[in-house]
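Student: Residues 0 to 431, numbered by numbering that gives the first Met the number 0, are exactly what the sequence shown covers, in order.
A virtual CB, placed ideally from N, CA and C, is assigned to each residue, including glycine.
No experiment lies behind these values; they were computed from the predicted model shown.
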Amino acid sequence: METQAARELIDFINESPTNFHAILNLKKHLLENGFKQLFSGESWNIERGEKYFVTKNHSSLFAFIPGSGDIAENGFKFICAHSDSPTFRIKPHAEMLVEGKYLKLNTEVYGGPILYTWFDRPLSMAGRVMLKSENPLKPITQFVNFKRPLLTIPHLAIHFNRAVNDQGNPLSKQKDMLPVLGMVNEHFEKDNYLLKLIAAEMQIQPEEILDFDLTLYNFEKGCLTGVNQEFISCGKLDDLAMVHAGMKALLDSKECRKTKVLAIFDNEEVGSGTKQGAGSPVLRTIIERIVFNLGGGPEDLYRAIHNSFMISADMAHALHPNYAEKHDPTNHPLMNEGPVIKINANQKYVTDGDSAAVFQTICRLAGVPYQTFVNQSDMAGGSTLGNILLSQMEMRGVDIGNPMWAMHSVRETGGTLDHHYIIQAFTTFYNI
Numbered sequence: 000m001e002t003q004a005a006r007e008l009i010d011f012i013n014e015s016p017t018n019f020h021a022i023l024n025l026k027k028h029l030l031e032n033g034f035k036q037l038f039s040g041e042s043w044n045i046e047r048g049e050k051y052f053v054t055k056n057h058s059s060l061f062a063f064i065p066g067s068g069d070i071a072e073n074g075f076k077f078i079c080a081h082s083d084s085p086t087f088r089i090k091p092h093a094e095m096l097v098e099g100k101y102l103k104l105n106t107e108v109y110g111g112p113i114l115y116t117w118f119d120r121p122l123s124m125a126g127r128v129m130l131k132s133e134n135p136l137k138p139i140t141q142f143v144n145f146k147r148p149l150l151t152i153p154h155l156a157i158h159f160n161r162a163v164n165d166q167g168n169p170l171s172k173q174k175d176m177l178p179v180l181g182m183v184n185e186h187f188e189k190d191n192y193l194l195k196l197i198a199a200e201m202q203i204q205p206e207e208i209l210d211f212d213l214t215l216y217n218f219e220k221g222c223l224t225g226v227n228q229e230f231i232s233c234g235k236l237d238d239l240a241m242v243h244a245g246m247k248a249l250l251d252s253k254e255c256r257k258t259k260v261l262a263i264f265d266n267e268e269v270g271s272g273t274k275q276g277a278g279s280p281v282l283r284t285i286i287e288r289i290v291f292n293l294g295g296g297p298e299d300l301y302r303a304i305h306n307s308f309m310i311s312a313d314m315a316h317a318l319h320p321n322y323a324e325k326h327d328p329t330n331h332p333l334m335n336e337g338p339v340i341k342i343n344a345n346q347k348y349v350t351d352g353d354s355a356a357v358f359q360t361i362c363r364l365a366g367v368p369y370q371t372f373v374n375q376s377d378m379a380g381g382s383t384l385g386n387i388l389l390s391q392m393e394m395r396g397v398d399i400g401n402p403m404w405a406m407h408s409v410r411e412t413g414g415t416l417d418h419h420y421i422i423q424a425f426t427t428f429y430n431i
């Protein structure tokens, strides 16, 4: 079985504990492969034969390679995914003492995690920290990753809740999900303890810190599992698996007439309605700047958008072996049988017959199998960034993803072979 792509994915995710670090990781790979960074507040000078990327908020990234053909006639090829995953964000003034001995942190849930999967895990913290600068409107941004197990969220013992396995345990996000950082003594100083901890990790003074965006992550690294290593057991497969596959495809792709774009948005898990999310005009602005830099005008922009195609790449639900009844009787994807075309009659996904046919053709050209996903009709399904993005640019598009179990668990499961398949499909898309 092909395992190299899956192992590379596990390493990529391990180096991407937050949305910010995922973008740092992407930047590193792009720079190592000859991409040049552009900045939104500066003038752009785009040339054919070069490769570029620009970031937004340190948490979204847009990489592109100008095509050799006329921009209006050939348009763009987009692969779009997202950098964020459900987690817990550390609140300001987070320190909470219990009985003068235990120190826990006050947190807020980000997105829709499966809460109980976070219990009894070795957790760590990472994110970005804003520091004082000479310009009050532009604080210095640095990044921190503690890279060691610091916290745990302890579950209540069964002896205090005998019905937990039969009746479940309704959880309070404010009470039950607070992580314990450690124990303290009578000399403990609660004020600014977390700031001092961050400062010590970054080797700076606490007074330099203005604010921070820190989240928790599971410290355990992913691995391959199954008797033939056919499964990937790892956190953040949704959606860093698609981010990694898109990056690999862009780096491995060949020159073509269309302009290739990899768009990684933030905040998909909370609705995409931020300046770095798919609901903002950030991608359209970048597309406009590309067209105008290559000598086109508004009419060329409209034609380029019309002649473009988008793959919205977000993970999909595989048939669960213990809950087969939750799935559609004839459209239930299986692990390791190829990428999934996601379809919804109520337009939760952008896929239609035309765009599904395009992706089927791409898979055939790539020599990989494909599957379809439709919700079981008695169950409401989720949505993703495709429709939100196309409210900014009216182009053809398809929603796809790799099949997985336990979406939004702290540790999800995907197919080893599927990751190889999706990279091949994405690379073929960029090459045609």
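Does the count of Cβ pairs from the region 222 to 239 and the region 29 to 42 closer than 8 Å reach three?
Tutor: no
Student: Under a Cβ-count criterion, where at least 16 other Cβ atoms within 10 Å of its own Cβ denotes burial, should VAL260 be classed as buried or exposed?
Tutor: As a first step, residue 260 must be located in the sequence shown, where it is residue number 261. VAL260 is buried by the Cβ-count criterion.
Student: If you run the structure through DSSP and keep just helix, strand and coil, what is TYR348?
Tutor: For the purposes of this step, residue 348 is taken as the residue at position 349 of the sequence shown. Coil, per DSSP.
Student: If you draw a straight line from the C-alpha of PHE218 to the C-alpha of GLY126, how long is it?
Tutor: If you number the sequence shown from 1, residue 218 lands on position 219. If you number the sequence shown from 1, residue 126 lands on position 127. Going from the Cα of PHE218 to the Cα of GLY126 covers about 14 Å.
Student: Within its chain, find whatever has a CB closer than 6 Å to the CB of SER307; leave out the 5 residues flanking it on each side and keep chain order.
Tutor: Translated into positions along the sequence shown, residue 307 becomes position 308. So the list reads GLY74, PHE75 and MET394, once near-sequence residues are dropped.
Student: Within the chosen definition, does the region 404 to 422 reach the region 297 to 304 through at least 3 CB pairs nearer than 8 Å?
Tutor: Not touching, per the Cβ criterion.
Student: Return yes when the Cβ of LEU130 is within less than 8 Å of the Cβ of ILE208, no when it is not.
Tutor: The residue you call residue 208 lines up with position 209 of the sequence shown. The residue you call residue 130 lines up with position 131 of the sequence shown. Yes, these two residues count as a Cβ contact at 8 Å.
Student: Applying the 10 Å Cβ sphere with the 16-neighbour rule, what's the burial state of THR350?
Tutor: For the purposes of this step, residue 350 is taken as the residue at position 351 of the sequence shown. Label assigned to THR350: buried.
Student: Could you check if PRO91 is buried or exposed, using at least 16 other CB atoms within 10 Å of its CB as the buried criterion?
Tutor: Taking the sequence shown and counting its residues from 1, the one referred to as residue 91 is at position 92. Per the 10 Å Cβ criterion, exposed.
Student: For SER67, which option in PHE142, LYS137, TYR192 and ILE45 has the closest C-alpha, if you only look at C-alpha atoms?
Tutor: What you label residue 67 is simply residue 68 of the sequence shown in a count that begins at 1. Per the Cα distances, ILE45.
Student: Between which two residues does the beta strand (DSSP E) holding ASP313 run?
Tutor: Position 314 of the sequence shown, counting from 1, holds the residue named residue 313. It is not in any beta strand (DSSP E) - ASP313 carries neither H nor E in the DSSP assignment.
Student: State the Cα-Cα distance for the pair ALA21 and PHE264, rounded to the nearest angstrom.
Tutor: In the sequence shown, residue 21 corresponds to position 22, counting from 1. In the sequence shown, residue 264 corresponds to position 265, counting from 1. Straight-line Cα distance between these residues: approximately 11 Å.
Student: Classify GLN391 as helix, strand or coil using the three-state DSSP reduction.
Tutor: Counted from its first residue, the sequence shown places residue 391 at position 392. Coil.
Student: Got a sec, what are the start and stop residues for the alpha helix (DSSP H) PRO205 sits in?
Tutor: The residue given as residue 205 occupies position 206 in the sequence shown. DSSP places PRO205 in no alpha helix (DSSP H); its state is neither H nor E.
Student: Start and end of the beta strand (DSSP E) containing ALA484?
Tutor: Because residue 484 is not part of the residues shown, which for the chain are 0 to 431, the question remains open.
Student: Between which two residues does the beta strand (DSSP E) containing ARG161 stretch?
Tutor: Along the sequence shown, one-based indexing puts residue 161 at 162. Looking at the DSSP string, ARG161 is not in any beta strand (DSSP E), and its letter there is neither H nor E.
Student: Between which residues of its own chain and LEU364 is the CB-CB distance below 6 Å, once the five residues before and five after are set aside?
Tutor: In the sequence shown, residue 364 corresponds to position 365, counting from 1. So the qualifying residues of the chain are THR427.
Student: Count Cβ pairs between the region 398 to 413 and the region 240 to 259 that sit closer than 8 Å; are there 3 or more?
Tutor: Yes, the region 398 to 413 is in contact with the region 240 to 259.
Student: Under the three-state reduction of DSSP, which class applies to SER232: helix, strand or coil?
Tutor: Here residue 232 refers to the residue found at position 233 when the sequence shown is read from its first residue. Correct three-state label for SER232: strand.
Student: Check for me: the alpha helix (DSSP H) holding GLN173 runs from which residue to which?
Tutor: Translated into the one-based positions of the sequence shown, residue 173 becomes position 174. Annotation for GLN173: no alpha helix (DSSP H) segment contains it, and DSSP assigns it neither H nor E.
Student: How is GLY33 classed by DSSP in three states: helix, strand or coil?
Tutor: Position 34 of the sequence shown, counting from 1, holds the residue named residue 33. Three-state result, GLY33: coil.
Student: Do TYR109 and GLU1 have their C-beta atoms closer together than 8 Å?
Tutor: The count along the sequence shown starts at 1 and reaches residue 109 at position 110. The count along the sequence shown starts at 1 and reaches residue 1 at position 2. It is not a contact, given that the beta carbons lie outside the stated cut-off.
Student: For GLU185 and LYS146, I'd like the C-alpha separation in whole angstroms.
Tutor: By 1-based counting over the sequence shown, the position of residue 185 is 186. By 1-based counting over the sequence shown, the position of residue 146 is 147. Going by the C-alpha atoms only, they are around 28 Å apart.
Student: On a Cα-Cα basis, can you pick out the residue from LYS174, ILE421 and ASN56 that is closest to ALA138?
Tutor: One-based indexing of the sequence shown puts residue 138 at position 139. Before going further, note that residue 138 is Pro rather than Ala in the sequence given. The shortest C-alpha separation from PRO138 is found at ASN56.
Student: Determine contact between the region 244 to 253 and the region 156 to 170, defined as no fewer than three beta-carbon pairs at a distance below 8 Å.
Tutor: no
Student: How about CYS233 and ARG120: are their beta carbons less than 8 Å apart?
Tutor: As a working note, residue 233 is residue 234 in the sequence shown. As a working note, residue 120 is residue 121 in the sequence shown. No, they are not a contact pair.
Student: When you compare only the Cα positions, how much space is there between LEU193 and GLU94?
Tutor: What you label residue 193 is simply residue 194 of the sequence shown in a count that begins at 1. What you label residue 94 is simply residue 95 of the sequence shown in a count that begins at 1. Taking the straight line joining both Cα atoms gives about 7 Å.
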